[in-house]
Amino acid sequence: MRRLITRLAVAAALVAASAACGSSSPSTGTGGTNQVDNVKVGVIPIVDVAPIYLGKEKGFFSSRKLNLTLESGQGGAAIVPGVVSGQFQFGFSNVTSLMIAQTQGVPLKGVANGNASTGKDGEDFGAIVVKGDSPIQSAKDLAGKKVAVNTLKNIGDTSVRASVRKAGGDPSTVEFVEIAFAQMPAALDAGQVDAAWVVEPSLAAVKAAGGRIVASNFVDVAPDLTVALYFTSEKLMADNPDLVKRFQEAMRESLTYADGHPDEVRKILSTYTKIDAATMSTLVLPKWPAEPNRASLDELAKLGQQDGLFTKAPDLDKLLP
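Quick note, the sequence shown lines up with residues -19 to -1, 1 to 302 if you use mature numbering (1 follows the signal peptide of the UniProt record, and there is no 0).
So, in structure tokens, the structure goes:
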């Protein structure tokens, strides 16, 4: 996997390319009274995006004359250039990826909340885990150890460092290893790493194999941390504000519905993931508040700058919906 900053560096160049290739607006135009707009959204096939799939099924988008197509990407680093170039009208990404992109001059804008931590220590949808017989008992013990994260220099290592720091350890001595979430349980079991930051459903797999949670890193960053956002390009914001408004309204309804109907969330997950039934029943679901938690993002931005992820502080007033 290429590092995020390298992959995002091409996004600014794609702005010029998109201008040459045409508008990033949907092919149906601006959305008249009886017109339906075709909208493509770049998403990652993970638990976090369940609300948009549920909202599509419930008709929250079609009732606003939006014909939604959901296309899977490898991650925020791939989806960001897709949105900027007009391949997608909207995309989903963790907030640290968006902060990095913004500080690199990529013209994007958050339009709706994505998902959030449960805020419950030991009961979040992501956690730092170890094997059951590991001598590591707390995040403090991670100092000097190898810890798996899915992407280097992103929300994973920043939040893991926050847990180590909070527990009284030295976060500068943690060695991070880049491994895909799906491969982390096996890497942990084989002793390739001492610990791993995992999210669902990998978290459920580790616990089923006897692994232990040593810290809830999202919770350690800030209470009810906003983890991800849906976003668009500044070009689409300027060219078609009505379309953006309708998408925002549909997403807020989808988020609120998903947050209040966990059984329906688990059911919709089976339509776009390969999570087996036994694991599905034990998943810890994220929270899906309708609005981002600004205070939590201020803290995450501060930590990211402290860790050297940004060359300058991200402008959250400009980035957030």
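All C-beta atoms, glycine included, are put in the ideal place defined by N, C-alpha and C.
Every value quoted in this text rests on a predicted model; they were computed, and no experiment measured them.
Q) Given T292, which residues of its chain have a CB within under 7 Å of its CB, disregarding the five upstream and five downstream residues? A) Around T292: T84.
**Q.** Chain-order list of residues whose beta-carbon lies under 7 Å from that of G95 (same chain, five-residue window excluded)
**A.** For G95, where only same-chain residues beyond five positions count, the Cβ hits under 7 Å are D29, F73, V208, A209, L210, Y211.
(Q) I believe K121 touches V145 by the beta-carbon criterion, under 8 Å. Please report the beta-carbon distance rounded to the nearest angstrom. (A) So it is a contact: roughly 7 Å between Cβ atoms.
Q. Can D170 and K226 be called in contact, C-beta distance under 8 Å?
A. No, the pair does not count as a contact, with Cβ atoms beyond the cut-off.
Q: Could you have a look at G3 and say whether DSSP puts it in helix, strand or coil?
A: Here G3 scores only 37 on pLDDT, less than 50, and its place in the model is too uncertain to base an answer on.
Q) Looking only at C-alpha atoms, which of Q118, V141, V187, I60 sits nearest to A82? A) The candidate whose alpha carbon is nearest that of A82 is I60.
Q. How close, in whole Å, do the beta carbons of P32 and A239 come, if the pair is a contact with beta carbons under 8 Å?
A. Yes, they are in contact, since the Cβ atoms of P32 and A239 sit about 4 Å apart, within 8 Å.
Q: Flag this pair as yes or no: are the beta carbons of L278 and V76 separated by less than 8 Å?
A: Yes, they are a contact pair.
Q: Kindly indicate the opening and closing residues of the beta strand (DSSP E) around V92.
A: DSSP places V92 inside the beta strand (DSSP E), whose first and last residues are 89 to 97.
Q.
Ignoring anything shorter than 4 residues, give me the alpha helix (DSSP H) runs that lie fully in the stretch 52 to 138, in order along the chain.
A. Runs of the alpha helix (DSSP H) inside the stretch 52 to 138: 57 to 66, 76 to 84.
Q: Give the single residue among P182, D175, D201, G103 whose Cα lies nearest to the Cα of G149.
A: The shortest C-alpha separation from G149 is found at D201.
**Q.** Extent of the continuous alpha helix (DSSP H) to which L266 belongs
**A.** For L266, no alpha helix (DSSP H) run applies, since DSSP gives it neither H nor E.
Q | Same chain, Cβ closer than 7 Å to G100, five either side skipped, listed in chain order | A | Taking G100 as the centre and dropping the five residues before and after it, the same chain places the C-beta of V200, P204, D205 closer than 7 Å to its C-beta, in chain order.
Q) Under the DSSP definition of a beta bridge, which residues are partnered with I194? A) Beta-bridge pairing links I194 to V110.
Q: Return the CA-CA distance between V20 and P243, expressed in angstroms with no decimal places.
A: Each residue's alpha carbon lies about 26 Å from the other.
(Q) I'd like to know if the stretch 177 to 190 and the stretch 256 to 268 are in contact, where contact means that at least 3 CB-CB pairs between them fall below 8 Å. (A) In short, these stretches touch, since the Cβ pair count reaches three.
(Q) Can you tell me whether Q70 is buried or exposed? The criterion is at least 16 other CB atoms within 10 Å of its CB, across all chains shown. (A) Counting C-beta atoms within 10 angstroms of its own C-beta, Q70 has 16 or more neighbours from the protein chains shown and is therefore classed as buried.
Q. Apart from the five residues on each side of it in sequence, which residues of its chain come closer than 7 Å, Cβ to Cβ, to A185?
A. So the qualifying residues of the chain are T260, T263, L264.
Q: Helix, strand or coil for F228, going by three-state DSSP, please let me know.
A: Of the three classes helix, strand and coil, the one that applies to F228 here is helix, per DSSP.
Q.
I need the DSSP call for V246, collapsed to helix, strand or coil.
A. If DSSP states are grouped into helix, strand and coil, V246 belongs with the helices.
Q. Could you give the distance in angstroms between the alpha-carbon of V87 and the alpha-carbon of V17?
A. CA-to-CA, the gap between V87 and V17 works out to about 29 Å.
(Q) Using only the alpha-carbon positions, how far apart do G54 and I25 sit? (A) So the alpha carbons of these two residues sit roughly 5 Å apart.
(Q) For the pair the stretch 41 to 48 and the stretch 216 to 232, tell me if three or more CB-CB distances fall below 8 Å. (A) Cβ pair count under 8 Å is three or more, so yes.
Q: Could you tell me which uninterrupted beta strand (DSSP E) segments, each at least 3 residues in length, are contained entirely in the stretch 144 to 192, listed from first to last along the chain?
A: Runs found: 156 to 159, 176 to 180.
(Q) Whole angstroms are fine: how far does the CA of E215 sit from the CA of S8? (A) Below a pLDDT of 50, predicted positions are generally treated as unreliable, and S8, at 49, falls in that range; the measurement from the model is reported next regardless. Between the alpha carbons of S8 and E215 lies a distance of about 18 Å.
Q | Member of T213, S235, D257, T252 whose CA lies at the smallest distance from the CA of G91 | A | Out of T213, S235, D257, T252, T213 has the C-alpha closest to the C-alpha of G91.
Q: Could you tell me which residues DSSP puts in a beta bridge with D240?
A: As computed with DSSP, D240 is found in no beta bridge at all.
Q.
Comparing C-alpha positions only, which one of D298, T252, E156, Q286 sits nearest to residue 308?
A. This structure gives no information on residue 308, because the portion of the chain shown stretches from -19 to 302.
(Q) Is the beta carbon of V155 closer than 8 Å to that of A124? (A) Result yes, Cβ atoms of A124 and V155 sit closer than 8 Å.
Q | Helix, strand or coil at K283 [DSSP, three-state] | A | Helix at K283.
**Q.** Counterpart residues of G23 in DSSP-defined beta bridges
**A.** E52, G72, per the DSSP bridge assignment.
Q: For M165, I'd like the list of residues in its chain whose CB is within less than 7 Å of its CB, leaving aside the five on either flank, ordered along the chain.
A: The beta carbon of M165 sits closer than 7 Å to those of A129, A177, V179, S183, all from its chain and outside the five residues before and after it, given in chain order.
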